[in-house]
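**Student:**
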Amino acid sequence: MKGKLIIFSAPSGSGKTTIVKHLLSKALNLSFSISATSRKPRVNEIDGRDYYFLDNETFMQRVAKGDFLEWEEVYPGTCYGTLKSEVERLQNSGKHVLFDVDVVGGINIKKHYGAEALALFIQPPSVEELRKRLNNRNTDSQEVIEKRVAKAEYELTFAPQFDHIIVNDILEKACQETEELVTSFING
Ligand code: ADP
Ligand code: 5GP
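The opening residue of the sequence shown carries number 8 in my numbering; numbering runs sequentially from there.
(1) Given a cut-off of 7 Å, decide if Ile152 and Leu141 are closer than it, judged by their beta-carbon atoms.
(2) Leaving out five residues before and five after Leu37 in sequence, what residues of the same chain have Cβ atoms less than 7 Å from its Cβ?
(3) Which runs of the alpha helix (DSSP H), 4 residues or longer, sit entirely within the region 26-110?
(4) Is Ala124 helix, strand or coil when you go by DSSP?
(5) With 16 other CB atoms within 10 Å as the buried threshold, where does Gln130 fall?
(6) When the Cα atoms are used, what is the spatial distance from Thr190 to Ile14?
(7) Would Glu77 and Gly121 be called neighbours here (beta carbons separated by less than 7 Å)?
(8) Can you grab the Cα-Cα spacing for the pair Lys11 / Glu162, in whole Å?
(9) Keeping to the same chain, check which residues put their C-beta closer than 8 Å to that of Glu208; ignore five residues upstream and five downstream.
(10) Rounded to whole angstroms, how far is the Cβ of Cys86 from the Cβ of Phe66, which I believe are closer than 8 Å?
(11) Evaluate Lys117 with the Cβ neighbour count: other Cβ atoms within 10 Å of its Cβ, from every protein chain shown; 16 or more gives buried, anything less gives exposed.
(12) Decide if Val108 is buried, meaning its Cβ has at least 16 other Cβ atoms within 10 Å, or exposed.
(13) Cβ-heavy atom distance between Arg49 and the ligand ADP below 6 Å?
(14) If you reduce the DSSP assignment to three classes, tell me which class Ile114 lands in.
(15) If you check the beta carbons only, do Val110 and Ser16 fall under 7 Å apart?
(16) Heavy atom of the ligand ADP less than 6 Å from the Cβ of Leu127, yes or no?
(17) Would Ser42 and Thr89 be called neighbours here (beta carbons separated by less than 7 Å)?
(18) In this structure, does DSSP put Ile193 in helix, strand or coil?
(19) Distance, Cα to Cα, Pro132 vs Ala181?
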């Protein structure tokens, strides 16, 4: 049987990566769709594990070849995209596929797959809390953080288009709620 698809979208800093990591540690037969990006790796990131890191030119060549299921210029000058080959590879291995994509990408994947996909929106308790989390994470410059916070208000307006909204206030609660939704979707 082909694996199902579970989409996670949220403004940067909402806790998506943390919640996805929690789910992947559970015995739910889940695998993570590794996206391609034109941004540079952060210090703790590894090519082929966190992302396929491509330079701008290679990224656009692959766009032209039609290699992407979806792609977006998520931040000015920085593109992210889901490779068709990645989804096929994971689905053919019989695993369910988790996507961590921006809100527009999430809606596009949901439209493409319909009931085969569950679209979850991870919402921060407030934009101020989001800024705090990005500061505490300590992975981005102040300039990058402010760009991400500025975009968050716009991204939050997409939440009602998702199948479920999970408010990530207390992490343990959000992880539990997510696990319940995902378990019932893959067993349904
Ligand atoms: P995203 O993938 O959405 O950008 P992360 O998972 O990297 O977000 O989380 C951003 C930061 O906030 C990380 O440092 C993470 O440890 C922290 N964090 C995640 N969830 C919570 C929470 N519920 N309360 C406080 N901090 C959190
Ligand atoms: P980061 O730079 O913090 O890793 O990711 C920035 C944003 O890009 C996040 O909102 C993340 O979900 C999004 N993103 C990552 N991969 C993809 C992808 O394949 N497609 C789209 N549309 N967005 C992505």
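The beta carbon of each residue, even a glycine, is placed where N, CA and C say it ideally should be. Since this is a predicted model, take the numbers as computed values, not measurements.
**Tutor:** With the structure as the only source:
(1) yes
(2) Leu30, Leu31, Lys102, His103, Leu105
(3) 63-71, 91-99
(4) strand
(5) buried
(6) 14 Å
(7) no
(8) Those two C-alpha atoms are separated by around 25 Å.
(9) Outside the displayed span of the chain (8 to 195) sits residue 208, for which this structure offers no information.
(10) Cys86 to Phe66, Cβ: 5 Å. Contact.
(11) buried
(12) buried
(13) Answer for Arg49: no, Cβ out of range of the ligand ADP.
(14) helix
(15) yes
(16) no
(17) yes
(18) helix
(19) 11 Å
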